[in-house]
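Chains as they are written, first to last, in the numbering used here: chain P, 280 to 652; chain Y, 709 to 1008; chain R, 725 to 1064.
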Amino acid sequence: MSVEKFKLAITPQLGVNDQSAVVIVWYIKDGQEVKRGQPICGLETSKAAMDVEAEFDGVFKSFVSSMESVDINQPLGAFFIDKLSYEELADDLVKKFQKKTTNEGPQATAKAARLAQELGVDISIIKLSGIIREKDVRDFLQLSRASAEDIPPLTFHPTLKNVAIYGSGRGAYTVFENIKIGNEYHVVCYLDDDDSQVGEKDGIPVLHSRVLGSETKLRGIRIAIGVSDAGARRRIHTRCKELELELINVIHPNAWISPSVKIGCGNHIKAGALIDTRTVICDACIIDNNSTIPHDNFIGSYSHLAPNATLGSNVLIGEGTILGIGASVATGIKIGANCIIGVGSAVTKDVENYSIVEGVPARVVGRRLNASH
Amino acid sequence: MLVNLSEELYRKVILIRLFEERVLTLFSQGKLSGTTHAYIGQEANAVGVISHLREEDTVFSNHRCHGHYLAKTGDAVGLLAELMGKETGICSGLGGSQHICNRNFFSNGIQGSYMPIVVGMALTEKLRNTSAVVTAFIGDGTLGQGVVYEAFNIASLYQVPLLVVIENNRIAQTTPIELNLAGSIAARTQAFGIATTELDTTDAEVIFDCAGEIIANMREDRRPHALIINSQRLGPHSKGDDTRTEEAIADMRRLDPVPLLEARLTNQAREQLRAEANEIISQAEFLANQSGVRSLEMAK
Amino acid sequence: MKYVESLNQALHRLLDKDSRVLLLGEDVLDPYGGAFKVSKGLSTAFPDRVFTMPISEAAIVGMGTGLAMRGMRPVVEIMFGDFILLAADQIVNSATKFPLMFNSKISVPLVIRVPMGGRRGYGPTHSQTLETFFMNTPNLDIIAPSHLHDPGQLLENAVLASDGVTLFVENKSLYAQELMDINQPHAIFEFQKLGGSEDLLYPTIKVSIRDVEKQDIVLIAYGGMSPFVLQAAEKAFFEEEIAVTCLLVSQVKPLPMGTLRRVCASVGKVLIVEESLKYGGWGAELSAQLHQSQAKNSPIHIRRIGASEFVIPSSKELEEKMLPQVQDIYQATKDLFNEC
């Protein structure tokens, strides 16, 4: 007699030609009991987005992390009939189904490893992924010497915490000034992904962001996020985590934040913002001037509350969602991930992932296809 | 009716006989490619059995296949050209005497090798619910080949409409049956549960009647059947390799199927049918001589 | 998906979509489903079209020939590829010969599945790689998918897209192997499916070390040697930084020479690996053809590896000595790299 101890959650086909999809957000945690019909995650392809609902009751285990891609018709998780089966089998199943990603960290050839050891180079910083050969070790040494020469003199503060602002546009300047008002951090430089921005701005150097992985002088520097695009903030957040760099929260001294508020990292909270008790702000959000977040709210990562956005209490805002200027949200409302709430809208009902809503009361006027656009 | 039947059978028998005699002459003149195996003396078997077969019925024959081919198709022109290696031959000169294929007629020079193939062909007829029959001709010498028994076994297991005609001419090339074959032929097929009929005759009419009944039944019951015909080879195996005594051959000539049929014909009918056959063969020889050799381009 | 599952599913699809397809073989009926389970479930799903056969390999292939000549698309299973020699006459003197000697008046669309290869301890008569015996047979295709091919798709091509006789070689050591998806990024290798007009149905998979511009050596192999050559290529790269391109051929005969020549000519050093006997083997023909094709100013250096001239011992340790191993391929790669 055999009882099936688990059933697989299969990645559905979203569009006709899609081979894979990205898990944008998990709504449930591993080990959580889920009911049939309950949304478990948000999926996105280049052309469409949807929520995946649980097909079975059970204790859930995911095989992919959020922002990871998964092939259509391949398992993305499993429902176990009980906690015991979960404990017994979950790890084995993950091993069986977890996709072998190419980003498991770099691999070095024996020759490269020997050379790196001889020259005293830390092989793990040469490349983030792929294969490291002898040539890569030599190239790296040459490049880091050359880039050391290229980099203008950097001034580090002896007592304040030194920070680089990722981004060099207008948003970055606000971050720059906000940091200067306080007396905790010293801005060493801007970083930009765009070569044409490299040079000097506001009296400090602008470096290309690629030096983050290789320039030894910048090792251990703290990073402030100075870009407003949600997709870019997501990328910077991921990259800094990979490089094990600390992302600081930039908080204007005139923002009011209750002591019981929990704040992640990489956020920018501007002048006049009010955040009341037991509210949670995740990572890499922008809380703009005069936005009001009363008690017990939850703001997902990469969200942006524009000036004068006002929430009731007990509101949940999903990852990457933008609230327009003066938008208001009634008490207890849940807004999904990657939504846009139009300027001046009043949200009185829950909003699904990827929705665009507008008006008083707010109605769905569209769907977003790709969060970063 | 009887007179007409004798004439019809004789028309085919005499065509085969005169064709084979002409082939032996041409062979002596060096006009033939390779070798030939004359069917002289066994003509009644081919004609008696094949006269009941239709276009859709398959015949698979062996190295000694000219008689079977002529009985099935009447195509002396294509056959003679094939023997002479000409482009207009049945297989454009590629197959030659032992390897011919025309519509549902096949022959191959490897003894017994096609026995499982005809089982597969007969199985197809059964799966397609046709009334067609597949007929294979083998000789007593071929009973030494193992694959023949693999085929008997499967033909019986799957009950396919396969008629196996075993022409027992009591000699395998130069080796007499006493040195070649132990036990009985009929017991071989019977051991596999195949219905078996044994005939001891060279009379085309007797064979015709018997084969007619067997084939008619097979079109209904779709089962395999074996027909053993004890016969004799009056010519050599191929050419100049007959080790039998003159006396032994002379003795066999008494059972020659040609005079047996001729005795039942009027002189006029006999002469007319002979003349017709000769005309067909001469025409075939003329056309074959006219034909060229096909081109064949290939790398070496 | 495993190699065996891919083949099994292909047979289900074939029987389902084309009524001319039939399956013949020894012990193919459920619940057994064939010695290596490739035929599992077929007799249950298609009871009238799966035929269990007595121990008569010649007759099995002969029957397949007869069925094919009458318009069916039979697939016959030889339990162990070693037994194919019992049907050699059927293949050489009938099935492949008829279309030629009968001046193309008939065709014989027949697929003969042969599980070949050792490494399972089955000993001298159940472990051989005998398809190379048929290198000399005109009008015969020999197809042997690796675990980087889609074995089921190749089988479908052989059954439906080919009008001739195909010896479909399945290396027994691959049956349990997970197929490698060449469309997925790989940590070490990059993949390319090669296939010109001459090898369209049965492509060659080119496996190169990722992000390396200059390849040092071409390694040519097929079927069951594929996992071994990939391991050796990985080892050669990580230990010696020798960049090896592996060409995993699925069309063993006729050789896809156009495809192979193009890659070999640009690299110049070629190691041919086969599980069958080296003496008079597949690699002998391949190396002769490569040698003849070399340009005056860009010579091709060729080395070969194959099984030793002996029986395949049953003992695991002895069998390993007899058949090519990763270390043998790695060593030969190093030698070729250093010598030429």
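For each residue, glycine too, the CB sits at the ideal point set by N, CA and C.
- Look at the beta carbons and you see the stretch 1030–1046 of chain R not touching the stretch 932–947 of chain R: under three pairs across the two are nearer than 8 Å.
- For G356(P), DSSP records a beta bridge to A288(P) and S341(P).
- Taking 3 residues as the minimum length, the beta strand (DSSP E) runs contained wholly in the stretch 857–888 of chain Y are 870–876, in order along the chain.
- Rounded to whole angstroms, the separation of the alpha carbons of I1024(R) and G992(R) is 4 Å.
- Contact of K375(P) with chain R by beta-carbon distance below 8 Å is absent, the smallest such distance being about 10 Å.
- At a cut-off of 9 Å between beta-carbon atoms, P778(R) makes contact with chain Y.
- In the DSSP assignment, I936(Y) is bridged to I874(Y) and E906(Y).
- In the three-state reduction of the DSSP assignment, K947(Y) falls in the coil class, being assigned neither a helical nor a strand state.
- In this structure, DSSP gives G841(R) a state outside helix and strand, which the three-state scheme calls coil.
- Per DSSP, reduced to three states, the secondary structure at L979(R) is coil, with no helix or strand assignment.
- Each residue's CA atom was taken as its position, placing F768(Y) and F913(R) some 55 Å apart.
- Between V987(R) and V942(R), the C-beta spacing is below 9 Å.
- Taking a C-beta cut-off of 9 Å against chain R, the contacting residues of the stretch 811–834 of chain Y are R811, F814, N816, G817, I818, S821, Y822, M823, P824, I825, V826, V827, G828, M829, A830, L831, T832 and E833, listed in chain order.
- For I620(P), DSSP records a beta bridge to L602(P) and V636(P).
- The C-alpha of L584(P) lies about 11 Å from the C-alpha of G621(P).
- Contact fails between the stretch 922–931 of chain Y and the stretch 948–965 of chain Y, because fewer than three Cβ pairs, one in each stretch, are under 8 Å apart.
- Taking the Cβ atoms as the reference, T290(P) lies roughly 5 Å from L355(P), within the contact range of under 8 Å.
- A buried status is given to S624(P), since no fewer than 16 other beta-carbon atoms sit within 10 Å of its beta-carbon.
- In the structure shown, S897(R) falls within a helical segment according to DSSP collapsed to helix, strand and coil.
- At a beta-carbon threshold of 8 Å, the residues of chain R lying near S800(Y) are N827, ordered along the chain.
- The stretch 929–994 of chain R contains, as complete alpha helix (DSSP H) runs of 4+ residues, the segments 950–964 and 981–991 (chain order).
- For M329(P), the uninterrupted beta strand (DSSP E) segment begins and ends at A328 to E332.
- Across the set N817(R), I779(R), L834(R) and F775(R), the C-alpha of L834(R) shows the shortest separation from the C-alpha of A885(R).
- N712(Y) sits in a helix when the DSSP states are folded into three classes.
- Among the residues facing chain R, Q292(P) is not included, as its CB has no counterpart in that chain under 9 Å away.
- Listed as beta-bridge partners of D350(P) by DSSP are S299(P).
- L766(R) is not a Cβ neighbour of L791(R), given a cutoff of 9 Å.
- The DSSP assignment places complete alpha helix (DSSP H) segments of no fewer than 4 residues inside the stretch 747–773 of chain R at 766–769, in order along the chain.
- If only complete runs of 4 or more residues are kept, the stretch 1004–1045 of chain R shows the alpha helix (DSSP H) at 1006–1017, in order along the chain.
- Bridge pairing for H465(P): N441(P) [DSSP].
- Ranked by Cα distance from E764(Y), the first of R1002(Y), K947(Y) and T832(Y) is T832(Y).
- At a cut-off of 9 Å between C-beta atoms, A859(Y) counts as an interface residue with respect to chain R.
- Classified as exposed, I779(R) has fewer than 16 neighbouring CB atoms from the shown chains inside 10 Å of its CB.
- Interface flag for L954(R) against chain Y is unset, since no Cβ pair is found closer than 9 Å.
- For N810(Y), DSSP records a beta bridge to F813(Y).
- Counting along the chain, L918(R) sits inside the beta strand (DSSP E) bounded by residues F913 to L918.
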